[in-house]
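Undergrad: Here it is, the structure, as structure tokens.
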Amino acid sequence: MKNLILTISILGLSFNQISAQHIHQSEVPSVILNHFQKTFSKASDIEWEIKGDLYEVEFETGFLGDDHKVLYSRDGKMVRHEEEISKNSLPKPVSSSIKKSFNGYRTDDIKKITEGGKVIYNIELKNYSQEWKVIFDAQGKILQKRED
18 MKNLILTISI LGLSFNQISA QHIHQSEVPS VILNHFQKTF SKASDIEWEI
68 KGDLYEVEFE TGFLGDDHKV LYSRDGKMVR HEEEISKNSL PKPVSSSIKK
118 SFNGYRTDDI KKITEGGKVI YNIELKNYSQ EWKVIFDAQG KILQKRED
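Last residue of the sequence shown: number 165 in this note's numbering, and the count goes up by one each step with no gaps.
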């Protein structure tokens with residue numbers, strides 16, 4: 018059984034390497050690169066990948082190096098933007114929902130995800146004995162909750 022699990026894990030990692038390919042910035046189509054540079058002019062530590070039909074860029078911004086991940090379609094449209102944010106940047110309805118449903122938990126690894134005109138917040142919530150990964154909409158409604 019251990020060998021089967023090991024084999025499946027190795028195959029999964031191999032497939033992940035095949036499906037995502039690191040590329041140099043010079044290989045990124047100009048329509049995508051221009052949009053990226055215009056939108057994120059202060060980006061640093063930039064890394065590009067091709068994932069299927071999408072171009073993914075990971076980078077940092079700001080004094081503390083907030084992490085970002087953006088997916089672009091081949092025609093230069095931003096498909097998804099995932100950014101690391103602070104607890105203070107959460108909308109009040111999300112903060113209120115956390116306080117109500119997870120009182121006594123601390124927040125960790127907060128991500129704001131914008132896709133298709135909708136914004137969600139993916140947040141890890143921890144206390145001394147439990148850890149949850151919770152997805153909230155901008156109004157504070159819990160969309161998904163799973164124990165980690």
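We put the beta carbon where it would ideally sit given N, CA and C, even for glycine.
1) In whole angstroms, what separates the C-alpha of threonine 131 from that of arginine 91?
2) Helix, strand or coil: which one does DSSP assign to serine 61?
3) Determine contact between the stretch 53-62 and the stretch 76-90, defined as no fewer than three beta-carbon pairs at a distance below 8 Å.
4) Helix, strand or coil: which one does DSSP assign to isoleucine 102?
5) Quick one: any contact between the stretch 141-160 and the stretch 123-130, if contact means 3 or more CB pairs under 8 Å?
6) Could you tell me whether the Cβ atoms of aspartate 83 and glutamate 101 are closer together than 9 Å?
7) In whole angstroms, what separates the C-alpha of glutamate 73 from that of glutamine 54?
8) Distance check for isoleucine 137 and valine 48, CA to CA, integer angstroms please.
TA: On the basis of the supplied data:
1) Rounded to the nearest angstrom, the gap between the Cα atoms of threonine 131 and arginine 91 is 18 Å.
2) Annotated three-state conformation of serine 61 is strand, per DSSP.
3) With a cut-off of 8 Å, the stretch 76-90 and the stretch 53-62 count as touching, because enough Cβ pairs lie within range.
4) Of the three classes helix, strand and coil, the one that applies to isoleucine 102 here is coil, per DSSP.
5) Contact holds: three or more Cβ-Cβ distances are below 8 Å.
6) Yes, the pair counts as a contact, with Cβ atoms nearer than the cut-off.
7) Their Cα atoms are separated by approximately 14 Å.
8) Their Cα atoms are separated by approximately 27 Å.
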